[in-house]
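Residue numbers (our numbering): 81 to 340.
Taking it in order: structure first as C-alpha coordinates, then the write-up.
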Amino acid sequence: MVLKFWRILTRALSCGRPRNRKYGRRLALNLFRKCCAEFIGAFAIVFGGCGAVAIDQISGGAITHYGVATVFGLIVMTMIYATGHISGAHFNPAVTLGFALTRHFPVREIIPYIAAQCLGAILASGIHRVTLAPMVGGALNYGVTRPLDGQFSTAVIYEFVLTFMLMMVIVAVATDYRAVGQMAGLAIGGTVWFEAMFAGPICGASMNPARSLGPALISGQLETMPAYIVGPVLGALCGALCYQFIRCDDSSGDPASGCC
(Lines of atoms letter the chains of each structure in order from A and count residues from 1; the text may use other names and numbers.)
(Lines give C-alpha, C1' and ligand atoms only; values in the text may rest on other atoms or scores of the structure.)
Protein backbone atom coordinates (compact mmCIF):
# COMPACT_ATOMS: atom_id res chain seq x y z
CA MET A 1 0.00 0.00 0.00
CA VAL A 2 2.79 2.39 0.93
CA LEU A 3 4.72 1.43 -2.21
CA LYS A 4 1.65 2.09 -4.35
CA PHE A 5 1.21 5.52 -2.73
CA TRP A 6 4.78 6.52 -3.50
CA ARG A 7 4.46 5.33 -7.11
CA ILE A 8 1.42 7.58 -7.53
CA LEU A 9 3.27 10.44 -5.83
CA THR A 10 6.27 9.93 -8.12
CA ARG A 11 4.07 10.20 -11.21
CA ALA A 12 2.45 13.37 -9.86
CA LEU A 13 5.80 15.00 -9.15
CA SER A 14 7.04 14.10 -12.63
CA CYS A 15 4.03 15.74 -14.32
CA GLY A 16 5.10 18.39 -16.82
CA ARG A 17 8.78 17.39 -16.59
CA PRO A 18 10.95 15.16 -18.76
CA ARG A 19 9.80 11.52 -18.46
CA ASN A 20 12.75 10.41 -16.40
CA ARG A 21 11.97 7.75 -13.82
CA LYS A 22 15.14 8.32 -11.83
CA TYR A 23 14.39 12.04 -11.63
CA GLY A 24 10.84 11.37 -10.42
CA ARG A 25 12.01 8.85 -7.86
CA ARG A 26 14.60 11.27 -6.57
CA LEU A 27 11.95 13.97 -6.15
CA ALA A 28 9.65 11.56 -4.32
CA LEU A 29 12.47 10.38 -2.06
CA ASN A 30 13.45 13.96 -1.24
CA LEU A 31 9.83 14.80 -0.42
CA PHE A 32 9.59 11.70 1.76
CA ARG A 33 12.70 12.78 3.67
CA LYS A 34 11.29 16.26 4.20
CA CYS A 35 8.00 14.81 5.39
CA CYS A 36 9.90 12.61 7.84
CA ALA A 37 11.57 15.74 9.23
CA GLU A 38 8.16 17.43 9.57
CA PHE A 39 6.75 14.33 11.25
CA ILE A 40 9.60 14.27 13.76
CA GLY A 41 9.34 18.00 14.49
CA ALA A 42 5.57 17.94 15.06
CA PHE A 43 5.93 14.77 17.13
CA ALA A 44 8.58 16.41 19.32
CA ILE A 45 6.46 19.52 19.91
CA VAL A 46 3.44 17.55 21.08
CA PHE A 47 5.40 14.84 22.87
CA GLY A 48 7.45 17.37 24.84
CA GLY A 49 5.14 20.37 25.09
CA CYS A 50 1.84 18.60 25.69
CA GLY A 51 3.72 15.99 27.69
CA ALA A 52 4.83 18.80 29.99
CA VAL A 53 1.17 19.76 30.47
CA ALA A 54 0.26 16.17 31.34
CA ILE A 55 3.22 15.65 33.67
CA ASP A 56 2.45 18.95 35.40
CA GLN A 57 -0.95 17.47 36.26
CA ILE A 58 0.49 14.13 37.35
CA SER A 59 3.18 15.73 39.51
CA GLY A 60 0.82 18.17 41.20
CA GLY A 61 2.12 21.28 39.46
CA ALA A 62 5.86 20.62 39.57
CA ILE A 63 6.45 22.00 36.07
CA THR A 64 4.21 25.10 36.34
CA HIS A 65 2.84 27.26 33.54
CA TYR A 66 6.21 28.97 33.16
CA GLY A 67 7.86 25.59 32.69
CA VAL A 68 5.31 24.43 30.11
CA ALA A 69 5.79 27.60 28.04
CA THR A 70 9.56 27.19 28.26
CA VAL A 71 9.38 23.57 27.10
CA PHE A 72 7.33 24.54 24.04
CA GLY A 73 9.73 27.35 23.14
CA LEU A 74 12.85 25.24 23.60
CA ILE A 75 11.49 22.31 21.59
CA VAL A 76 10.54 24.56 18.68
CA MET A 77 13.98 26.19 18.78
CA THR A 78 15.96 22.94 18.88
CA MET A 79 13.89 21.21 16.19
CA ILE A 80 14.35 24.19 13.87
CA TYR A 81 18.12 23.87 14.22
CA ALA A 82 17.87 20.09 13.79
CA THR A 83 15.66 19.96 10.68
CA GLY A 84 15.38 23.46 9.25
CA HIS A 85 17.96 22.73 6.55
CA ILE A 86 16.03 19.60 5.54
CA SER A 87 12.37 20.56 5.40
CA GLY A 88 12.22 24.23 6.33
CA ALA A 89 10.98 23.27 9.82
CA HIS A 90 7.32 24.20 9.43
CA PHE A 91 5.86 21.64 11.90
CA ASN A 92 2.60 23.53 11.46
CA PRO A 93 -0.09 23.34 8.73
CA ALA A 94 -0.80 27.06 9.11
CA VAL A 95 2.86 27.92 8.44
CA THR A 96 2.94 25.62 5.42
CA LEU A 97 -0.14 27.33 3.96
CA GLY A 98 1.34 30.77 4.69
CA PHE A 99 4.54 29.93 2.83
CA ALA A 100 2.56 28.48 -0.09
CA LEU A 101 0.38 31.59 -0.33
CA THR A 102 3.44 33.83 -0.64
CA ARG A 103 5.11 31.45 -3.14
CA HIS A 104 7.87 30.34 -0.81
CA PHE A 105 6.65 26.73 -0.87
CA PRO A 106 5.46 24.47 -3.72
CA VAL A 107 1.72 23.84 -3.75
CA ARG A 108 2.17 20.17 -4.70
CA GLU A 109 3.90 19.50 -1.35
CA ILE A 110 1.20 21.03 0.88
CA ILE A 111 -0.83 17.86 1.47
CA PRO A 112 2.16 15.57 2.24
CA TYR A 113 3.58 18.15 4.66
CA ILE A 114 0.30 18.66 6.52
CA ALA A 115 -0.33 14.92 6.66
CA ALA A 116 3.12 14.33 8.17
CA GLN A 117 2.65 17.11 10.73
CA CYS A 118 -0.75 15.83 11.85
CA LEU A 119 0.39 12.21 12.04
CA GLY A 120 3.38 13.18 14.19
CA ALA A 121 1.14 15.10 16.58
CA ILE A 122 -1.41 12.30 16.81
CA LEU A 123 1.25 9.66 17.49
CA ALA A 124 2.76 11.76 20.29
CA SER A 125 -0.63 12.15 21.98
CA GLY A 126 -1.28 8.45 21.50
CA ILE A 127 1.90 7.66 23.42
CA HIS A 128 0.75 9.98 26.22
CA ARG A 129 -2.53 8.08 26.41
CA VAL A 130 -0.80 4.71 26.65
CA THR A 131 1.95 5.72 29.08
CA LEU A 132 0.66 8.64 31.17
CA ALA A 133 -3.13 8.31 31.35
CA PRO A 134 -3.03 5.18 33.56
CA MET A 135 -1.15 7.18 36.20
CA VAL A 136 -4.23 9.34 36.82
CA GLY A 137 -6.92 6.77 36.15
CA GLY A 138 -7.43 7.89 32.56
CA ALA A 139 -8.43 11.48 33.42
CA LEU A 140 -5.32 12.98 31.82
CA ASN A 141 -4.87 16.54 30.63
CA TYR A 142 -3.43 15.85 27.18
CA GLY A 143 -2.84 19.53 26.49
CA VAL A 144 -6.15 20.06 24.73
CA THR A 145 -6.50 23.71 23.73
CA ARG A 146 -9.70 25.47 24.71
CA PRO A 147 -10.63 29.10 25.47
CA LEU A 148 -10.86 30.03 29.14
CA ASP A 149 -14.38 31.45 28.75
CA GLY A 150 -15.53 28.69 26.40
CA GLN A 151 -16.25 31.17 23.61
CA PHE A 152 -15.41 30.26 20.00
CA SER A 153 -14.69 33.92 19.22
CA THR A 154 -12.13 34.20 22.02
CA ALA A 155 -10.13 31.30 20.66
CA VAL A 156 -10.30 32.53 17.06
CA ILE A 157 -9.29 36.11 17.90
CA TYR A 158 -6.40 35.19 20.18
CA GLU A 159 -5.12 32.43 17.91
CA PHE A 160 -5.35 34.76 14.92
CA VAL A 161 -3.29 37.47 16.61
CA LEU A 162 -0.74 35.06 18.09
CA THR A 163 -0.20 33.21 14.81
CA PHE A 164 -0.08 36.48 12.87
CA MET A 165 2.85 37.65 15.02
CA LEU A 166 4.55 34.25 14.86
CA MET A 167 4.24 34.07 11.08
CA MET A 168 5.68 37.56 10.70
CA VAL A 169 8.79 36.41 12.56
CA ILE A 170 9.00 33.14 10.63
CA VAL A 171 8.71 34.77 7.20
CA ALA A 172 11.25 37.42 8.16
CA VAL A 173 13.99 35.04 9.26
CA ALA A 174 13.22 32.41 6.60
CA THR A 175 12.79 34.49 3.44
CA ASP A 176 14.48 37.88 3.93
CA TYR A 177 18.27 37.77 3.70
CA ARG A 178 18.49 41.02 5.67
CA ALA A 179 17.14 39.20 8.73
CA VAL A 180 19.62 37.14 10.73
CA GLY A 181 18.79 33.67 9.43
CA GLN A 182 21.23 31.90 11.76
CA MET A 183 19.16 33.13 14.69
CA ALA A 184 15.91 31.74 13.25
CA GLY A 185 15.54 29.05 15.89
CA LEU A 186 16.09 31.47 18.74
CA ALA A 187 13.75 34.10 17.27
CA ILE A 188 10.92 31.68 16.50
CA GLY A 189 11.33 29.66 19.69
CA GLY A 190 11.40 32.88 21.70
CA THR A 191 8.19 34.05 20.04
CA VAL A 192 6.46 30.77 20.88
CA TRP A 193 7.72 31.06 24.46
CA PHE A 194 6.52 34.59 25.19
CA GLU A 195 3.17 34.06 23.45
CA ALA A 196 2.60 30.85 25.43
CA MET A 197 3.58 32.70 28.61
CA PHE A 198 0.92 35.39 28.37
CA ALA A 199 -1.80 33.77 26.26
CA GLY A 200 -1.57 30.13 27.33
CA PRO A 201 -4.05 30.54 30.21
CA ILE A 202 -6.53 32.36 27.94
CA CYS A 203 -6.66 30.14 24.85
CA GLY A 204 -3.88 27.56 25.09
CA ALA A 205 -1.65 29.52 22.68
CA SER A 206 -1.65 26.74 20.12
CA MET A 207 -0.80 28.67 16.92
CA ASN A 208 -0.69 25.24 15.28
CA PRO A 209 -3.67 23.14 14.11
CA ALA A 210 -1.59 19.94 14.24
CA ARG A 211 -0.54 20.62 17.84
CA SER A 212 -4.22 21.03 18.79
CA LEU A 213 -5.45 18.09 16.70
CA GLY A 214 -3.29 15.43 18.36
CA PRO A 215 -4.52 15.93 21.95
CA ALA A 216 -8.10 16.69 20.84
CA LEU A 217 -8.40 13.55 18.72
CA ILE A 218 -6.83 11.18 21.24
CA SER A 219 -8.90 12.56 24.14
CA GLY A 220 -12.09 12.79 22.08
CA GLN A 221 -12.48 16.49 22.92
CA LEU A 222 -13.01 17.91 19.43
CA GLU A 223 -15.65 20.54 20.28
CA THR A 224 -13.26 23.51 20.09
CA MET A 225 -11.06 22.15 17.31
CA PRO A 226 -12.60 24.32 14.53
CA ALA A 227 -11.47 27.49 16.33
CA TYR A 228 -7.91 26.16 16.45
CA ILE A 229 -7.97 25.62 12.71
CA VAL A 230 -9.63 28.86 11.65
CA GLY A 231 -7.66 31.20 13.93
CA PRO A 232 -4.12 29.94 13.22
CA VAL A 233 -4.67 29.46 9.48
CA LEU A 234 -6.11 32.95 8.97
CA GLY A 235 -3.42 34.44 11.21
CA ALA A 236 -0.61 32.73 9.31
CA LEU A 237 -1.98 33.73 5.91
CA CYS A 238 -2.41 37.36 6.96
CA GLY A 239 0.98 37.43 8.71
CA ALA A 240 2.76 36.10 5.62
CA LEU A 241 1.01 38.60 3.35
CA CYS A 242 1.70 41.46 5.75
CA TYR A 243 5.43 40.78 5.80
CA GLN A 244 5.47 40.55 2.02
CA PHE A 245 3.94 44.02 1.96
CA ILE A 246 6.29 45.68 4.47
CA ARG A 247 9.55 44.04 3.41
CA CYS A 248 10.46 47.06 1.24
CA ASP A 249 11.29 45.42 -2.08
CA ASP A 250 11.75 47.89 -4.92
CA SER A 251 9.75 47.68 -8.15
CA SER A 252 12.17 45.10 -9.57
CA GLY A 253 11.56 42.81 -6.60
CA ASP A 254 15.12 43.16 -5.34
CA PRO A 255 15.10 43.70 -1.55
CA ALA A 256 18.65 45.06 -1.69
CA SER A 257 17.34 48.24 -3.31
CA GLY A 258 14.38 48.60 -0.99
CA CYS A 259 13.60 51.27 1.58
CA CYS A 260 15.87 49.94 4.34
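C-beta atoms are modelled at their ideal positions from N, C-alpha and C, and glycine is treated no differently.
For GLU189, there is no enclosing alpha helix (DSSP H), as DSSP marks it with neither H nor E. The three-state secondary structure of SER139, taken from DSSP, is coil. Beta-carbon to beta-carbon, PRO295 and VAL236 are separated by about 19 Å, too far to satisfy the 8 Å threshold. Setting aside the 5 residues that flank it on each side, GLY280 is surrounded in the same chain by HIS145, VAL148, ALA149, each with a C-beta closer than 8 Å to its C-beta; the list follows chain order. Nearest Cα to LEU302 within the set ILE125, PHE232, GLY121, GLN137: PHE232. The beta carbon of ALA264 is closer than 7 Å to those of ILE160, GLY164, VAL253, ALA254 in its chain, skipping five residues each way along the sequence.
The alpha-carbon of ILE268 is positioned some 39 Å away from that of ASN100. When the beta-carbon positions are compared, GLU239 and PRO312 come within less than 8 Å of each other. With a cut-off of 8 Å on Cβ pairs, the region 197-204 is in contact with the region 125-136, counting three or more such pairs. Between GLY104 and LEU317, the C-beta spacing is not below 8 Å. Under the 10 Å beta carbon count, LEU293 is surrounded by 16 or more other beta carbons and is classified as buried. Note on geometry: alpha-carbon atoms of VAL133 and GLY121 lie some 18 Å from one another. Residue ILE194 holds the alpha-carbon nearest to the alpha-carbon of PHE123 among ILE194, LEU109, ALA142, PHE274.
Boundaries of the alpha helix (DSSP H) harbouring ILE268: 264-283, taken from the DSSP string. Pairing THR243 with MET215, the inter-Cα distance amounts to about 34 Å. If you ignore the 5 residues before and after PRO192, its C-beta comes within less than 7 Å of the C-beta of LEU111, CYS115, all in its own chain and listed in chain order. Looking from the CA of GLY270, the closest CA among ARG106, LYS102, GLN137, VAL156 belongs to VAL156. Note on geometry: alpha-carbon atoms of THR182 and GLY217 lie some 47 Å from one another. For GLY230, the closest of ILE282, ALA142, SER139 by C-alpha to C-alpha distance is ILE282.
Judged by DSSP secondary structure, HIS145 falls within the alpha helix (DSSP H) whose first and last residues are 144-167. In the three-state reduction of the DSSP assignment, HIS170 falls in the coil class. Counting other Cβ atoms within 10 Å of its Cβ, CYS328 stays below 16 and is therefore classed as exposed.
LEU199 and PHE119 have their alpha carbons spaced roughly 7 Å apart.
Residues of the same chain with a CB within less than 6 Å of the CB of MET248, apart from the 5 flanking positions on each side, are GLY319, TYR323 in chain order. Taking a C-beta distance under 8 Å as the contact criterion, ASN172 and ALA259 do not qualify as a contact pair.
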